[in-house]
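One structure is given below, encoded as structure tokens.
In this note's numbering, the protein residues as written are 939 to 1088.
If you want it as structure tokens, here you go:
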């Protein structure tokens, strides 16, 4: 497994990070290794679980719903382009970022490169394109729980 579970100082799971990010945390001495795999990464054992040295208040954990990211948008749209139904390689902002659009569940859809370039810096209506999906936040029960296997 390529990612590392990060625990708060109180041993509550916070998030998963890449191995590279985990090593940076160890170098900065903001975390310690709680569990390691066989093998090493430079002078460090290869971490599976890190624990933060200081407690972090993580208000975002208690926010309703899922965090909106580009990979989450593509997963929500099942890797299909919201304009043509083809394979999605990117994310399109319905209201373009240059016009104040942000990455939110309601303003972002998965898109293929062709449709994303065709729409460009316009709204779907201005580009003469129709959305095949109604963008909305996914249901909460589709979240993946962060747990440590040990």
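No residue lacks a Cβ here, since even glycine has one placed at the ideal position from N, Cα and C.
According to DSSP, residues forming a beta bridge with residue i
i: residue 971; result: 988
i: residue 951; result: 945
i: residue 1029; result: 1048
i: residue 1018; result: 1025
i: residue 956; result: 941
i: residue 1036; result: BP columns for residue 1036 are empty, so no partner.
Outcome for residue i when other beta-carbon atoms lying within 10 angstroms are tallied against a minimum of 16
i: residue 1008; result: exposed
i: residue 962; result: exposed
i: residue 1128; result: Since the first residue of the chain shown is 939 and the last is 1088, residue 1128 is not available in this structure.
i: residue 1031; result: buried
i: residue 986; result: buried
i: residue 1085; result: Confidence at residue 1085 is low in this model, with a pLDDT of 35, below 50, so the placement of that residue is unreliable and no value is reported for it.
i: residue 1077; result: exposed
i: residue 1069; result: exposed
C-alpha distance - residue i paired with residue j, whole-angstrom precision
i: residue 1012; j: residue 1020; result: 10 Å
i: residue 945; j: residue 1060; result: 43 Å
i: residue 984; j: residue 966; result: 16 Å
i: residue 1044; j: residue 974; result: 40 Å
i: residue 1056; j: residue 1062; result: 10 Å
i: residue 958; j: residue 964; result: 10 Å
i: residue 1005; j: residue 976; result: 32 Å
i: residue 1023; j: residue 1038; result: 26 Å
Integer-rounded CB distance, given that residue j should sit under 8 Å from residue i
i: residue 925; j: residue 1047; result: Nothing can be reported for residue 925, as the shown portion of the chain is limited to 939 through 1088.
i: residue 955; j: residue 968; result: Actually they are not in contact, since the Cβ atoms of residue 955 and residue 968 sit about 12 Å apart, beyond 8 Å.
i: residue 993; j: residue 947; result: 4 Å
- Task: For the segment 1045-1064 and the segment 1017-1034, state whether three or more C-beta atom pairs, one from each stretch, are separated by less than 8 Å.
- Result: yes
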